[in-house]
């Protein structure tokens, strides 16, 4: 996609984008919208029910979750302490 190109010279100009948007608007406004006709099947039964999730397998990424969370919390706390000592002025 040209808009995401890292090189500025390969990106579209404002004029090119405006032309594309005008064309998009023209296409959207020219399409006719027909109302959707929803019909339910006369023999269908729509009821809600509770689902039993008690026998689901244990998630594979849960094994080290507590340890990883604790490590992340420690490192985040350490970073905030270091950042507070830097005395960086607010912008």
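Residue numbers (this note's numbering): 21 to 111.
C-beta atoms are modelled at their ideal positions from N, C-alpha and C, and glycine is treated no differently.
None of these values were measured; they are calculated from a predicted model.
field: The alpha helix (DSSP H) enclosing residue 34, as first and last residue numbers
entry: For the purposes of this step, residue 34 is taken as residue 14 along the chain shown, with counting starting at 1. Membership of residue 34 in the alpha helix (DSSP H) is indicated by the continuous run 34-50.
message: Rounded to whole angstroms, what is the Cα-Cα separation between residue 57 and residue 43?
response: In the chain shown, counting from the first residue as 1, residue 57 sits at position 37. In the chain shown, counting from the first residue as 1, residue 43 sits at position 23. Straight-line Cα distance between these residues: approximately 30 Å.
task: Pull up the distance between the alpha-carbon of residue 59 and that of residue 27, whole angstroms please.
output: Reading the chain shown from its first residue, position 39 is the one you call residue 59. Reading the chain shown from its first residue, position 7 is the one you call residue 27. Residue 59 and residue 27: Cα-Cα distance of roughly 52 Å.
message: Given this structure, state the Cα-to-Cα distance separating residue 92 from residue 106, to the nearest angstrom.
response: Walking along the chain shown from the start, residue 92 turns up at place 72. Walking along the chain shown from the start, residue 106 turns up at place 86. If I take the Cα positions, the gap works out to 21 Å.
- request: Grab me the residues of residue 96's own chain with a C-beta within less than 6 Å of its C-beta, minus the 5 sequence neighbours each way, in chain order.
  value: For the purposes of this step, residue 96 is taken as residue 76 along the chain shown, with counting starting at 1. Excluding residues within five positions, none has a Cβ falling inside 6 Å.
message: Rounded to whole angstroms, what is the Cα-Cα separation between residue 90 and residue 100?
response: Position 70 of the chain shown, counted from the first residue, corresponds to residue 90. Position 80 of the chain shown, counted from the first residue, corresponds to residue 100. About 15 Å.
message: At the level of alpha carbons, what is the spacing between residue 75 and residue 98?
response: The count along the chain shown starts at 1 and reaches residue 75 at position 55. The count along the chain shown starts at 1 and reaches residue 98 at position 78. In a straight line, the C-alpha of residue 75 is about 40 Å away from that of residue 98.
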